[in-house]
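Right, one structure below, let's go through it.
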Amino acid sequence: AQTVTQSQPEMSVQEAETVTLSCTYDTSESDYYLFWYKQPPSRQMILVIRQEAYKQQNATENRFSVNFQKAAKSFSLKISDSQLGDAAMYFCAYRRGLYSGGGADGLTFGKGTHLIIQP
Amino acid sequence: SQTIHQWPATLVQPVGSPLSLECTVEGTSNPNLYWYRQAAGRGLQLLFYSVGIGQISSEVPQNLSASRPQDRQFILSSKKLLLSDSGFYLCAWSVSLRLSETQYFGPGTRLLVL
Numbered sequence: 004a005q006t007v008t009q010s011q012p013e014m015s016v017q018e019a020e021t022v023t024l025s026c027t028y029d030t031s032e033s034d035y036y037l038f039w040y041k042q043p044p045s046r047q048m049i050l051v052i053r054q055e056a057y058k059q060q061n062a063t064e065n066r067f068s069v070n071f072q073k074a075a076k077s078f079s080l081k082i083s084d085s086q087l088g089d090a091a092m093y094f095c096a097y098r099r100g101l102y103s104g105g106g107a108d109g110l111t112f113g114k115g116t117h118l119i120i121q122p
Numbered sequence: 340s341q342t343i344h345q346w347p348a349t350l351v352q353p354v355g356s357p358l359s360l361e362c363t364v365e366g367t368s369n370p371n372l373y374w375y376r377q378a379a380g381r382g383l384q385l386l387f388y389s390v391g392i393g394q395i396s397s398e399v400p401q402n403l404s405a406s407r408p409q410d411r412q413f414i415l416s417s418k419k420l421l422l423s424d425s426g427f428y429l430c431a432w433s434v435s436l437r438l439s440e441t442q443y444f445g446p447g448t449r450l451l452v453l
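Taken in order, these protein sequences are the chains called D and H. When we follow my numbering, the leftmost residue of the first sequence carries the number 4, and every step to the right adds one. When we follow my numbering, the leftmost residue of the second sequence carries the number 340, and every step to the right adds one.
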């Protein structure tokens, strides 16, 4: 079974600085996808960024980027120029790809990292 | 654009009472639909998913059941609630027949069983 581990229950960063959230995963599949979701106090899950395992290039979305190390099964999220609105729980998630039999698979989530932004 | 709705937003129910949570999606056809539960301070756990009307797959055996009576409607039910059913329930959808299916979440339902 696939597992996702977030080893940092809580992280704190000064506004405008950069922070990196860690995520490792365990899978025997070759086709899969990785995601970072943000959960603000409203508790709605918001997609931050997505990475396809077959792509070597790290995904970026504005101030958010990932460091995808496939051999190490590591998928960290870097937030640049942190803003107060970035304060939230961040969840790393995994799902199998279509070619690994994951046609309608749900997501496997880590336990989350609580990100605090210090003004 | 696609939107996903869940209701009620908050629910307080006594132990042993029935439950019905509803999720509907607008702006898409034949979506894959999912129910997740988030216990306090925990990540999300997949409960059920559905690839079409009447097609339900259960991930975790428990006190809950799901149904999909219409293409864009997904219902989570229980005949008798337990204290352990308390939590935050999220519905999600994804486009079917796509290689990289991102899941998009609804606003969630907070359930407190007393």
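Quick reminder that beta carbons are idealized off the backbone N, C-alpha and C, glycines included. Since we're looking at a predicted model, the values are computed, not measured.
Below 9 Å between beta carbons: does that hold for residue i and residue j?
i: H:Thr-441; j: H:Gln-345; result: no
i: H:Pro-370; j: H:Val-434; result: yes
i: H:Arg-411; j: H:Thr-367; result: yes
i: D:Thr-27; j: D:Ala-75; result: yes
i: H:Gly-380; j: D:Phe-94; result: no
i: H:Trp-374; j: H:Leu-421; result: no
i: H:Ile-414; j: H:Leu-360; result: yes
i: D:Tyr-57; j: D:Arg-98; result: no
i: D:Leu-50; j: D:Ala-90; result: no
i: D:Leu-110; j: H:Leu-385; result: yes
i: D:Gln-9; j: D:Gly-113; result: yes
i: H:Ile-343; j: H:Cys-362; result: yes
Chain D beta carbons: is any one of them nearer than 9 Å to that of residue i?
i: H:Glu-440; result: yes
i: H:Ala-431; result: yes
i: H:Arg-449; result: yes
i: H:Glu-398; result: yes
i: H:Phe-291; result: The requested residue 291 of chain H is not part of the displayed model; chain H covers only 340 to 453.
i: H:Pro-357; result: no
i: H:Pro-408; result: no
Would you verify that the beta carbon of residue i is, or is not, closer than 9 Å to some beta carbon of chain H?
i: D:Tyr-40; result: yes
i: D:Arg-66; result: no
i: D:Asp-108; result: yes
i: D:Phe-78; result: no
i: D:Lys-73; result: no
i: D:Val-7; result: yes
i: D:Thr-111; result: yes
i: D:Lys-81; result: no
i: D:Ser-45; result: yes
i: D:Gly-88; result: no
Across which residues does DSSP place residue i in a beta bridge pair?
i: H:Val-351; result: H:Leu-451
i: D:Asp-29; result: D:Thr-6
i: D:Met-14; result: D:Leu-118
Take residue i and list the residues in its own chain whose beta-carbon comes closer than 8 Å to its own, dropping the five residues that flank it on each side.
i: H:Gln-394; result: Arg-407
i: D:Met-48; result: Tyr-40, Lys-41, Gln-42 and Phe-94
i: H:Ser-340; result: Gly-366
Give every residue of the same chain whose Cβ lies closer than 7 Å to the Cβ of residue i, excluding the five residues on either side of it in the sequence, and list them in chain order.
i: H:Leu-438; result: Per-residue confidence for H:Leu-438 stands at a pLDDT of 48, beneath the threshold of 50, marking its modelled position as unreliable; no derived number is given.
i: D:Glu-20; result: Ser-85
i: D:Ser-137; result: Nothing about residue 137 of chain D can be read from this structure; chain D reaches only from 4 to 122.
i: D:Gln-11; result: Leu-24, Ser-25 and Thr-116
Excluding the 5 residues flanking residue i on each side, which residues of the same chain have their C-beta closer than 6 Å to its C-beta?
i: D:Arg-53; result: Phe-38
i: D:Ser-77; result: Thr-27
i: D:Gln-17; result: Gln-121
i: H:Val-390; result: Asn-371
Which residues in chain A have a C-beta closer than 8 Å to the C-beta of residue i? List them in chain order.
i: H:Tyr-443; result: Here the protein chains are D and H, and chain A is not one of them.
At a Cβ cut of 8 Å, what residues of the region 48 to 62 of chain D count as close to chain H, listed as they run along the chain? The region 48 to 62 of chain D vs chain H, Cβ under 8 Å: Met-48, Ile-49, Leu-50, Arg-53 and Glu-55.
Report the residues of the region 376 to 397 of chain H with a CB closer than 7 Å to any CB of chain D, ordered along the chain. Contact residues of the region 376 to 397 of chain H toward chain D are Arg-381, Gly-382, Leu-383, Leu-385, Tyr-388 and Val-390 (C-beta to C-beta distance below 7 Å).
Of all the residues that make up the region 342 to 353 of chain H, which are near chain D by a beta-carbon distance shorter than 9 Å? Listed by position, the residues of the region 342 to 353 of chain H near chain D (Cβ gap below 9 Å) amount to none.
Could you name the residues of the region 416 to 428 of chain H whose beta carbon sits closer than 9 Å to any beta carbon of chain D, in the order they occur along the chain? Listed by position along the chain: Phe-427.
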